[in-house]
Amino acid sequence: MEKHTLQLTESTSDDSRLRAFFKALSKQKMLMLMSLPFLAWVIIFKYVPLWGWTIAFQKYRLGRDIFDQAWTGLDNFKFLFQEEQFYLVLRNTLVMSSINLVLGFVTAIILALLLNELRRIYFKRTVQTISYLPHFISWVVAANIVQTALAPEGIFNVLLLQFNIIDKPILWLGVGEYFWSILGVTEVWKNVGWNTIIYLAAITTIDPTQYEAAEIDGASRIQRMLHITLPGMKPVIVILLIMNLGHILESGFEPQYLLGNGMNVEYSENLDIFVLKYGIQMNNYGLATAAGMFKTVVSFIFLIAANNLAKRLGENRLY
Amino acid sequence: MLKTSSARSSSVGDKIFDICNYIFMIFLIIVTLYPFINMFALSFNDANDSIRGDIYFWPREWTFRNYEYVFNESNVFYATFISAARTIVGTIISVFCTSMLAYAISRPEYKLKKFVSITFIFTMYFSGGLIPGYLLIKELGMLNSFWVYIIPGIIGVFNMIVIRSFIEGLPEGIMESAKMDGAGDLTTFIRIVLPLTVPALATVSLFVAVYQWNSWFDVFLYNSSRHNLSTLQYELMKILSTSNTGTSAADQYANAQGNVQMVTPTSVRATMTIVASVPIIMVYPFLQKYFVKGMVVGGVKG
Amino acid sequence: MRKKNWLQTSLALLTAVALLLTGCSSNNDEGGNTTKTNTSSETDGKTGEVSKDPVTFSYFGFGTNNDVLASETTIGKVLQQQTGVDWKMEYVIGDPSTKAGVMIAGGEYPDVISPVSELAKLLDAEALIPLNDLIEQHGPNIKRVYGDYMDKITHEDGNIYILPFTANIGGYLTEPDASSSIWIQRRVLKEFGYPEVKTLDQYFDLIEQYQAKYPKVDGKDTIGYATFAGEPGQFYTITNAPMHLAGYPNDGNVMVDLETHEAKLYQGTDYEKKWLQKLNEMHVKGLFDPESFTANGDQFMAKLTSGRVLGFSGYIWQIGNAINNLKAAGNDDLRYVSLPIVFDENTTDAYMDPPSFVNNRGLGISVSAKDPVRIIQYWDNLLTDENQKLVQWGEEGVTYSVNEEGRFVMNEEQLKNRNDNDFKRKYGFAYFDYEWPRYGNNSVYEDGNAHMPFSQPEVADVNYTDGDRALLEAYGINTFSGFFAKPVERPWYPAWSIEKAQGSPEDIFNQKAGDLQQKYFPKLVLSEGKFESVWNEYLEEFNKLDAAGFEAFMTAKVKDRVAGKW
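Here it is as structure tokens:
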């Protein structure tokens with residue numbers, strides 16, 4: 002009896018909560034108008050094409066509709082997870098994207114802090130404009146420059162020989178162990194200026210009176226950077242970090258493909274190249290889709306974990 | 002005012018810091034400017050001579066032939082117009098729509114805030130694949146149209162998050178007082194939020210503009226047979242791919258016959274790097290002022 | 006109640022947006038070739054009358070070229086006057102496989118397609134129509150040209166879907182300037198009085214001696230030997246070598262026995278070991294350039310044009326630009342010549358391609374074609390002797406001349422034009438001389454002239470420099486092909502064109518075996534004192550793959566081909 006009433010009250014409270022929800026929502030017509038058309042857009046353009054995930058369970062043949070396809074169950078996933086090579090490329094992918102993530106964040110934040118400390122406005126603008134130029138160069142060109150610089154007679158070896166750091170030229174791209182570092186530095190070189198832009202925008206929102214106050218208190222430059230500028234950038238940093246953790250299996254494709262060769266293949270080959278070789282080039286759309294689904298699952302795990310961690314630490318959250 | 006006070010208080014440590022900072026910046030300028038100088042030198046160097054390598058800072062055998070080759074394709078100028086059009090239209094529409102959505106999901110009282118946010122955020126981490134995407138565009142009747150450049154990209158989720166976090170950083174009081182004055186959400190968004198988030202909007206505009214300007218894959222997929230919708234990047238891709246002789250069977254014969262190439266992929270690529278990136282790089286200085294000195298919030302306060 | 010309202014509102018919104026989206030774009034659709042009309046000109050065919058009404062068809066090539074309207078070229082214009090047919094020609098930009106994928110998914114095709122590497126995909130999707138009846142009814146010239154090759158162009162299901170580009174008729178003329186894939190700098194030969202170089206040992210020995218004598222060029226170290234294996238896509242340069250050295254032509258990754266027609270892999274065999282051991286030996290002596298495994302195309306080319314490299318491996322289509330650059334530079338000593346190098350004295354080289362038929366490259370008519378009959382008639386007209394001369398040689402007196410003996414000749418300027426890409430585009434050679442139904446490259450006209458201008462000895466001769474002539478004279482030959490043995494008939498050739506179903510065990514074997522080579526070749530060549538143990542490790546890995554299955558598959562296919570089932 003008592004149990005029954007309890008259930009009853011619970012359901013009414015549920016009902017009233019729902020009612021309250023809709024009542025509140027009905028007052029938010031403008032907000033709904035500002036967001037729901039885009040919700041429709043995202044469903045059409047992003048969610049509807051998800052029917053394509055069925056391809057992962059098929060031996061997909063182009064130009065036939067879904068009923069004419071041969072269903073293969075989990076075969077594509079089995080091929081993926083039973084392939085020895087898969088675990089090697091997974092390792093490479095994780096290492097390279099972690100390096101890119103850490104280096105990318107640290108260098109862009111430091112550069113933003115340093116740029117903010119430049120006093121001559123024209124110099125500051127010049128540095129900023131030039132530093133983001135490599136972003137506009139295609140990877141083919143960038144890789145070519147890196148390969149030239151790292152050649153046995155390239156500038157890098159010449160300088161190291163000059164300063165007696167090495168005694169004979171090193172074939173940098175021929176030593177697998179160096180590949181991750183080379184890639185990390187290359188990515189920084191190409192993108193650090195570009196990545197800085199968003200932090201510079203974040204710095205503009207910092208209240209200038211804070212700096213004035215700090216100056217009166219006699220804070221040094223470094224102290225101001227660490228205690229005013231950096232905290233001012235923190236919300237953006239946290240949000241970007243969470244988002245990028247979701248991309249942990251995206252280590253890039255072109256740089257690895259272009260800088261990779263037989264001598265460093267055990268370090269340079271990543272998931273995307275593996276999928277290109279065994280999926281796309283062999284027209285195995287099923288395998289490519291299965292790999293994509295695997296990446297999505299991993300992404301979600303990282304994304305949700307990072308977001309929850311941020312929540313627990315009381316930081317800004319993604320959602 | 003600010004300048005004099007900081008000059009007065011700068012200590013020895015600060016001076017050392019400044020010197021190191023300037024030295025570092027000059028180093029940065031050198032390494033990041035180099036690729037462009039190199040492309041410039043290659044694009045003005047005779048293609049056949051470039052095969053010998055060792056072109057770094059300056060052309061060895063000057064020529065305008067690479068540029069002639071690129072601009073000879075009559076469609077290049079028209080395609081530049083299309084690129085500019087998609088960049089301008091695409092950026093305006095996308096930034097407006099994205100920031101509007103960002104405003105809606107930044108409102109703490111909005112009941113669907115979380116649902117809408119998550120629905121969008123998740124899409125950053127999956128894709129239905131190339132073929133389903135293509136079929137969707139086809140079913141929507143958007144093949145061979147200009148709008149295929151604009152509509153599939155009206156919301157950038159990353160950009161939405163960036164703008165949202167800027168809006169959330171605004172002092173809540175400003176929006177509260179707008180509400181007090183009887184302003185609705187749309188008015189608040191247009192009159193208050195947009196002007197106050199100019200640095201974020203400038204940043205996002207740059208992202209969208211660069212994305213739009215550099216895109217060629219959507220042209221390749223959806224509009225490759227419509228010459229009047231071709232973009233600069235796509236035309237340059239065409240020019241590059243046809244400069245790559247020596248791969249087709251027919252060319253093997255020509256190659257074997259001592260046929261010295263007027264252009265090579267390397268030279269054409271250098272030239273197209275310059276041609277394609279100079280216009281978009283010009284955009285930056287115009288947007289730059291919005292994020293070099295923001296201080297909008299302070300201004301409002303004062 | 007409220008819930009329903011909310012649902013309705015959102016649904017209404019959704020539909021509104023969807024409608025808006027479709028509305029925006031549907032009026033932009035008029036340009037697509039959406040209509041499928043398979044009607045017209047059926048009647049013309051029956052009466053044997055060829056319609057000359059102006060019409061424009063679409064042509065799509067999965068090779069590289071510039072888009073063009075055929076009638077804007079000289080050749081296209083002439084053909085249009087004959088037939089009334091014009092072509093809107095388009096070529097793939099970017100990844101052909103992706104393009105083919107969306108083309109098939111969309112289900113709308115251009116009128117004719119040259120699928121190049123995408124043939125299997127298009128056939129699987131039934132995108133091409135059978136040509137058998139069309140040829141029977143409207144293609145007397147097609148039958149004349151392809152008649153001898155019917156078994157080779159007929160697909161397993163008994164239909165003909167494409168007309169390949171390699172149907173040689175009227176004899177078989179080998180190209181005058183064939184090349185192998187192993188080159189030596191001319192000053193090395195000159196230094197030692199133009200010796201006979203036949204074996205790999207002799208070749209490397211010569212390089213070693215020369216290097217010892219002249220360790221520096223212009224203050225920089227000479228490089229003994231380099232190969233082009235720094236780009237994953239070019240790795241075949243080094244992996245193909247054992248096949249050539251053992252006296253076999255380019256059959257891909259197998260060597261096919263002339264008698265038994267067994268296809269054997271050479272990966273993991275003594276041939277491969279011998280090759281790598283030799284390279285390793287050179288490396289230990291400091292004569293092998295380790296950058297061979299990391300240099301990209303530009304770097305490799307720059308190295309060759311520097312004149313520092315004494316010998317190298319590479320196919321002409323990979324290094325043509327460097328070879329031509331050196332020729333233009335004018336220093337004959339620094340130029341290269343390719344030689345018929347084999348493993349041992351008794352082996353006959355097989356660098357010159359045997360008569361071959363590539364049946365998986367060709368031009369087909371798509372299911373969307375508006376008027377297949379007109380297209381076949383156009384092709385048939387293209388295959389007259391007269392029009393074949395037009396697409397290769399052009400017009401007499403303009404792009405070539407005929408001498409007193411009736412031979413086709415070119416002067417220097419005509420030859421320069423025939424080689425100039427701009428001219429080739431304007432004139433139409435670039436569009437019409439290859440990816441159409443045509444006489445094969447080795448064909449000979451009834452009057453004895455070569456079909457390909459560059460196969461005409463008189464034309465080849467115009468190209469020779471004094472240095473070329475001196476070198477040829479020293480070896481007592483007239484053309485560079487004189488270095489090489491005459492090709493032997495191999496009825497299956499080339500085995501590399503055997504289609505492997507995509508994603509099949511053979512396809513995966515290919516990929517994995519290739520991956521192993523990429524991984525182990527550098528280790529083997531650059532190993533110092535550990536060659537044997539690395540080799541054993543490599544073999545162990547290789548033996549895990551189903552080589553026997555792959556060989557059985559290839560042998561069966563080769564035997565099919567020999568038996569006439571292509």
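Protein chains in written order, with the working numbering: chain F, 2 to 320; chain A, 2 to 303; chain L, 6 to 571.
Ideal placement from N, C-alpha and C gives every residue a C-beta, glycine not left out.
Using C-beta distances below 7 Å, list every residue in its chain close to residue i, excluding the 5 sequence neighbours before and after it, in chain order.
| i | result |
| --- | --- |
| G176 of chain L | V449 |
| W214 of chain A | S84, T88 and I281 |
| P527 of chain L | F298 |
| E463 of chain L | R412 and V414 |
| Q507 of chain L | A125 |
| G312 of chain L | V222 and L339 |
Classify residue i as helix, strand or coil using the three-state DSSP reduction.
| i | result |
| --- | --- |
| G119 of chain F | Residue identity check: residue 119 of chain F is Leu in the sequence provided, not Gly. Three-state result, L119 of chain F: coil. |
| F28 of chain A | helix |
| L43 of chain A | helix |
| A374 of chain L | coil |
| Y444 of chain L | strand |
| S486 of chain L | helix |
| W497 of chain L | coil |
| L281 of chain L | helix |
| G316 of chain L | strand |
| Q190 of chain L | strand |
| Y179 of chain F | helix |
| T187 of chain F | helix |
| F293 of chain L | strand |
| W59 of chain A | coil |
Apart from the five residues just before and just after residue i, which ones in its own chain have a Cβ nearer than 8 Å to its Cβ?
| i | result |
| --- | --- |
| V298 of chain A | Residue confidence is low: V298 of chain A scores 42 on pLDDT, short of 50, so the model does not pin down where it sits. No coordinate-derived value is stated. |
| Y285 of chain A | L207 |
| Y212 of chain F | R225 and I229 |
Considering only the alpha carbon of each residue, which of the options lies closest to residue i?
| i | options | result |
| --- | --- | --- |
| K93 of chain L | L:V60, L:G111 and L:Q87 | L:V60 |
| I212 of chain L | L:G224, L:S311, L:P377 and L:I187 | L:I187 |
| L222 of chain A | A:F28, A:V264, A:S44 and A:G134 | A:G134 |
| L344 of chain L | L:E77, L:G106 and L:S185 | L:S185 |
| I156 of chain A | A:D186, A:T120, A:K139 and A:S178 | A:T120 |
| V264 of chain A | L:L521, L:N329, L:D226 and L:W280 | L:N329 |
Cα separation between residue i and residue j?
| i | j | result |
| --- | --- | --- |
| L114 of chain F | Y320 of chain F | 27 Å |
| V266 of chain F | G14 of chain A | 47 Å |
| T79 of chain L | A500 of chain L | 38 Å |
| S166 of chain A | G105 of chain F | 20 Å |
| L315 of chain L | R270 of chain A | 30 Å |
| D49 of chain L | K57 of chain L | Residue confidence for D49 of chain L is low, a pLDDT of 42 falling below 50, so the modelled location carries little weight and cannot support an answer. |
| R572 of chain L | P200 of chain L | With chain L covering 6 to 571 only, the question about residue 572 of chain L has no answer from this structure. |
| S95 of chain A | V149 of chain A | 13 Å |
| L134 of chain F | Y48 of chain F | 35 Å |
What residues in its chain sit with their C-beta under 6 Å from that of residue i, if we drop five residues either side in the sequence?
| i | result |
| --- | --- |
| P232 of chain F | none |
| K114 of chain A | I106 |
| G487 of chain L | none |
CB of residue i to nearest heavy atom of the ligand NAP: below 8 Å?
| i | result |
| --- | --- |
| P237 of chain L | With respect to small molecules bound, the structure shown includes none, and the ligand NAP cannot be examined in it. |
May I ask you to list, following chain order, the residues of the region 9 to 33 of chain F that have a beta carbon less than 8 Å from some beta carbon of chain A?
F22, A25, L26, Q29, M31, L32 and M33
If contact means a Cβ-Cβ distance below 8 Å, which residues of the region 328 to 347 of chain L contact chain B?
Reference to chain B is not applicable here, since the protein chains of this structure are F, A and L.
Near-chain A residues of the region 94 to 107 of chain L - C-beta to any C-beta below 7 Å:
E95, I98, G99, T103, G106 and V107
Below 8 Å between beta carbons is the criterion; list the residues of the region 212 to 241 of chain L that meet it against any residue of chain F, in chain order.
A234, G235, E236, P237 and F240
Residues within the region 130 to 144 of chain A neighbouring chain L, beta-carbon criterion of under 8 Å
L131, I132, Y135, L136, K139, L141, G142, M143 and L144
Taking Cβ-Cβ distances below 9 Å as the criterion, which residues of the region 293 to 318 of chain L are in contact with chain A?
G302, D303, Q304, M306, A307, K308, L309, T310 and S311
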